[in-house]
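Have a look at the structure below before the remarks.
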Amino acid sequence: MQNINGKTKLYGLIANPVEHTKSPLIHNGISDLLGINSVYLPFLVKDSLEEAINGAKALNIQGLNVTIPYKQDVIKYLDEIDQEAKEIGAVNTIIIKNDKLIGYNTDARGLARDCKRQGVSFDNKNVCILGAGGAANAVAILCAKSNVNKLYIVNRTMSKAETLRDMIRMYYKSLDITCLSYDDIYKIDDIDICVQTTSLGMSPYIDRSPIDNNEFFEKLEVVVDIVYNPRQTKFLKDAAKHGVMIINGLGMLYYQAVEAYEIWNDIVISDQDIEIGYLALQDNVYSCN
Ligand code: ATR
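Using this note's numbering, the letters of the sequence shown correspond one by one to residues 922 to 1210.
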């Protein structure tokens, strides 16, 4: 870490819980790599979100990441919100500048950058999203912006899938969106890419997948799981057995942080430095696996 002095810029993450976050590792790692005098800290905000935001302003903190459970609630304390964050309905990055708070959401762009790095494009593809929570929202906006041909939203609670569909249609009226139950996805045979956004596959549900009939994978090209720990969820393992290309959530986690770093510092990080940071994160997260 840099020598901390009177010019050190402070950034942080507000969340509850916060202790398992990998964000300090990513952000402080990039600062070290680029020789930028800044520090990123995790802040546990138990309940008083408004006080935390005002405190950040008062302490001249330059930027914040926001995660569970505050991504939506924080919006009411912001002065401005970027269009993509508005469409996603959640903010994960705040820049504090000239006493103003501006909110962004870098999740969709994070996933887009990781997919691009791996040579995967959503353009003109039929994409299926499993889940309809906050993470699904960002993926759906990415699909809408990426000119997908058809979007399927599959969720256990159909009303939530329909709410997500209606939110996306507010901004992307002509996007072809179909809501499906898990029982009905086996009737669809034109899915190219499937993105898993539920918590199934993550501890304590590591032996579970939202897909219980592996025939589903037969015609797919790519599956993405936003979970990164375990490295391969049951969903990814089942897909791999069918020869489908698999992408886990580590890249999305990394690139949403890179995007935030670039917004805060108004820079574009070189591909070479981005790769060094990614490999360091990968080593840290999977060194015991
Ligand atoms: P996040 O913000 O991380 O996306 P969330 O908003 O709580 O989290 O959304 C969780 C998603 O996982 C939802 O789509 C949820 O389905 P429901 O809307 O039906 O609750 C999905 N999910 C959670 N547990 C599930 C399970 N056992 N089977 C299928 N889907 C599940």
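Just so it is clear, CB atoms sit at the ideal spot from N, CA and C, and this is done for glycine as well.
According to the DSSP assignment, T929 belongs to no beta strand (DSSP E), since it is labelled neither H nor E. If you draw a 10 Å sphere on the C-beta of N981, you find fewer than 16 other C-beta atoms in it, and that means exposed.
Listed as beta-bridge partners of A936 by DSSP are L965. The criterion of a C-beta distance shorter than 8 Å is not satisfied by T988 and G1052. Distances between the C-beta of P938 and the heavy atoms of the ligand ATR are all 7 Å or more. With 6 Å as the limit, the residues whose C-beta approaches a heavy atom of the ligand ATR more closely than that are G1052, A1053, G1054, G1055, A1056, A1057, N1076, R1077, T1078, K1081, T1118, T1119, S1120, L1121 and P1131, in chain order.
Under the DSSP definition of a beta bridge, L1022 partners with I1017.
Closest by C-alpha distance to I947, out of Y932, L1096 and K1021, is Y932. Fewer than three Cβ pairs drawn from the segment 1011 to 1028 and the segment 1158 to 1172 lie within less than 8 Å of each other, which leaves the two stretches out of contact.
The distance from the Cβ of Y991 to that of A936 is about 7 Å, consistent with a contact at the 8 Å cut-off. Shown here, I1074 sits in a strand according to DSSP, grouped into three states. Look at L1141 here: in three-state DSSP terms it is coil, with no helix or strand label. Annotation for N949: the continuous alpha helix (DSSP H) segment containing it runs S944 to L955.
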